[in-house]
Each structure stands twice: as C-alpha cells, then as structure tokens.
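Student: Residue numbers (the working numbering), protein chains in the order written: chain A, 485 to 580; chain B, 485 to 580.
Structure provided below as structure tokens; questions to follow.
There are 2 protein chains.
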Amino acid sequence: MSSDVLLSLSQKALHLLQEDADKIEKLIEVQMENLTTRKCPLYEEVLDTQIYGLSREIDFAIRAELITESTGKQILVKLERNLATLYEAMELQNKG
Amino acid sequence: MSSDVLLSLSQKALHLLQEDADKIEKLIEVQMENLTTRKCPLYEEVLDTQIYGLSREIDFAIRAELITESTGKQILVKLERNLATLYEAMELQNKG
Numbered sequence: 485m486s487s488d489v490l491l492s493l494s495q496k497a498l499h500l501l502q503e504d505a506d507k508i509e510k511l512i513e514v515q516m517e518n519l520t521t522r523k524c525p526l527y528e529e530v531l532d533t534q535i536y537g538l539s540r541e542i543d544f545a546i547r548a549e550l551i552t553e554s555t556g557k558q559i560l561v562k563l564e565r566n567l568a569t570l571y572e573a574m575e576l577q578n579k580g
Numbered sequence: 485m486s487s488d489v490l491l492s493l494s495q496k497a498l499h500l501l502q503e504d505a506d507k508i509e510k511l512i513e514v515q516m517e518n519l520t521t522r523k524c525p526l527y528e529e530v531l532d533t534q535i536y537g538l539s540r541e542i543d544f545a546i547r548a549e550l551i552t553e554s555t556g557k558q559i560l561v562k563l564e565r566n567l568a569t570l571y572e573a574m575e576l577q578n579k580g
C-alpha cells in the first residue's frame with residue numbers, strides 16, 4: 485500500500501513537470517513558426533525564465549525523491565536541444 | 485501506513501522549501517548588514533530570481549498536493565515582507 489502511494493505521487497509529479505515542459509515546448513514551436521514573420525526580442529528572455537523555473541521544480545522533485553535525477557535531466561536536455569535549434573534558426577534568419 | 489508515507493513526504497517537501505526560503509532570508513540579512521558599507525546593484529536581481537525560483541517550487545508542491553496553498557503562501561509572504569523592509573532601508577540609504 486505504501487509503495488502504491490509513492491508510485492502514484494511520483495507519477496503525478498512527473499505528469500506535472502511534463503505538463504510544464506510541454507508549455508515551454510509550445511512556446512518554442514510558436515517562435516519557430518513566426519521566425520519569418522516577426523521578431524520579438526523579449527521571447528528569448530521569457531523562454532530562459534520559464535526554463536529556469538522548470539529546472540527549479542525538477543530540482544525540488546529530485547530532492548523530494550519524487551523523480552530520479554536521470555528523469556529530471558532528460559526533460560531539461562530535450563528542451564535545451566529544441567531551444568538550441570530555435571536559436572540556430574534565429575541566427576540564420578538574422579544573417580539571411 | 486499509506487497516510488504515514490504521505491505525511492513524511494509532505495514534511496520532507498516542507499522542509500526542503502523552508503531550507504530554500506532560509507537561504508534567501510540569509511541573502512536579505514547579508515544585504516541589510518552591508519547597507520552602509522557597499523552597494524551591489526546585482527543583488528536586487530539575484531534576490532528576485534531566487535524568489536521566483538522558490539515560488540515555482542512552491543507552486544509545484546501545491547499542485548502535487550504535498551503542501552497546502554496556505555502553507556505555501558505563508559513562506560512567500562514572509563520573504564516578501566522582509567524583502568520590502570530591505571528595499572525601504574536601501575531607499576533611505578540612497579536619500580541619506
């Protein structure tokens with residue numbers, strides 16, 4: 485019974501973190517789609533702030549032993565990879 | 485048994501959040517003590533960033549139902565009150 489509670493809490497925690505990561509993913513996608521039509525210098529700062537916030541949530545969940553360090557890292561690595569792709573595309577755009 | 489696990493997880497979560505709040509409290513105290521000796525313009529930004537990070541941890545803990553909304557709010561309200569006192573003291577210092 486006690487491990488069931490822990491499992492369900494861990495799953496809930498992971499679900500919440502994934503939800504927040506998906507919101508940032510959506511922000512990155514929107515910016516990718518609008519690359520050619522308009523520029524918004526604040527976007528970079530918003531994305532950085534959101535990712536910092538999520539990294540604090542993930543760090544807390546790891547310390548509370550709700551998720552493993554490896555799971556937490558995976559969520560962030562995926563986001564940072566997409567963010568890097570966005571920044572590369574923005575740079576190409578600026579050069580073109 | 486299952487409620488024991490929940491209780492211990494809630495206590496752990498609260499302990500972790502309080503630890504982070506204490507670190508910010510310490511930053512505020514240090515700045516208060518150094519009010520007359522030196523100025524550091526980055527301090528304000530560091531404090532804001534730390535409090536934002538903590539607020540994201542607290543929000544996550546509330547959504548994961550590890551702490552109540554009221555407990556989470558109490559931690560932030562106390563910090564924000566001390567931060568306001570610091571800013572008032574900094575303003576007086578600038579005028580003097």
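Glycine is no exception: its CB is placed at the ideal position from the N, C-alpha and C atoms.
Predicted model, so just to flag it, every value in this text is computed and none were measured.
Going straight from the alpha carbon of Ile551 of chain A to that of Gly556 of chain B, what length do you get?
Tutor: In a straight line, the C-alpha of Ile551 of chain A is about 21 Å away from that of Gly556 of chain B.
Student: For Asn578 of chain A, which of helix, strand or coil comes out of DSSP?
Tutor: Note: Asn578 of chain A maps to helix in three-state DSSP.
Student: Kindly say whether Val561 of chain A, judged by its beta-carbon, lies nearer than 8 Å to any beta-carbon of chain B.
Tutor: Judged by the 8 Å Cβ criterion, Val561 of chain A is not in contact with chain B.
Student: Can you check whether the C-beta of Ala573 of chain A is within less than 8 Å of a C-beta belonging to chain B?
Tutor: Not closer than 8 Å to any Cβ of chain B, the Cβ of Ala573 of chain A fails to qualify, so no.
Student: How about Val489 of chain A: is its C-beta nearer than 8 Å to some C-beta of chain B?
Tutor: It does; some Cβ of chain B falls within 8 Å.
Student: What is the rounded straight-line gap between the Cα of Glu529 of chain A and the Cα of Ile535 of chain B?
Tutor: Rounded to whole angstroms, Glu529 of chain A to Ile535 of chain B spans 17 Å at the Cα level.
Student: Can you give me the C-alpha to C-alpha distance between Asp543 of chain A and Lys507 of chain B, rounded to a whole angstrom?
Tutor: When rounded, the distance between both Cα atoms is 16 Å.
Student: Mind listing the chain E neighbours of Glu541 of chain A? Cutoff is C-beta to C-beta under 7 Å, in chain order.
Tutor: The question asks about chain E, but that chain is absent: this structure's protein chains are A and B.
Student: How many angstroms separate the CA atom of Thr569 of chain B from the CA atom of His499 of chain B?
Tutor: Whole-angstrom Cα-Cα distance: 25 Å.
Student: Would you identify the three-state DSSP class for Tyr549 of chain B, choosing helix, strand or coil?
Tutor: According to the sequence provided, residue 549 of chain B is Glu. The question's Tyr does not apply to it. Three-state DSSP puts Glu549 of chain B in coil, outside helix and strand.
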